[in-house]
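Numbering (this note's numbering), first residue to last: 147 to 293.
So the structure is just underneath, and the comments pick up after that.
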């Protein structure tokens, strides 16, 4: 097993913060922030969000007193408001930007997980193609160390 530099948790967390800063300066995050501001300052969007919150409260209240016919009525109104909100382009763009940022974060997480797992396998004399450490098949590394 080859000797590698030992890093402290503090050093690793400092690098993680550096990576987080880099991610926060990507075009995906920039678009997300701009779309969020547009939503915040869009009067119609804010009215619809407020109305949806009210409908949710009404549904919970009617459910608690077993008024199922009123729950269905409010639920229909809620769905109509949600459809109207979802049809507004800035809302669609904002939702897509959320997906894009989450995808970027998931990619980074996967790269870290896979790289650590592969490094463990290699450092223990294993085979990265099969996921086996040097201990043989019974020590097979399913899905990596950190998943």
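All C-beta atoms, glycine included, are put in the ideal place defined by N, C-alpha and C.
Residue 191 and residue 178 have their C-alpha atoms roughly 16 Å apart. Within its own chain, the residues whose Cβ lies closer than 8 Å to the Cβ of residue 202, once the five positions on either side in sequence are excluded, are 224, listed in chain order. Between residue 198 and residue 227, the C-beta gap is smaller than 8 Å, which places the two residues in contact. Listed in chain order, the alpha helix (DSSP H) runs fully inside the region 177 to 223 are 189 to 210, counting runs of at least 4 residues. Taken in chain order, the complete beta strand (DSSP E) segments of 3 or more residues contained in the region 223 to 268 number zero; there are none. Looking at the backbone, the Cα of residue 164 and that of residue 260 are separated by about 20 Å.
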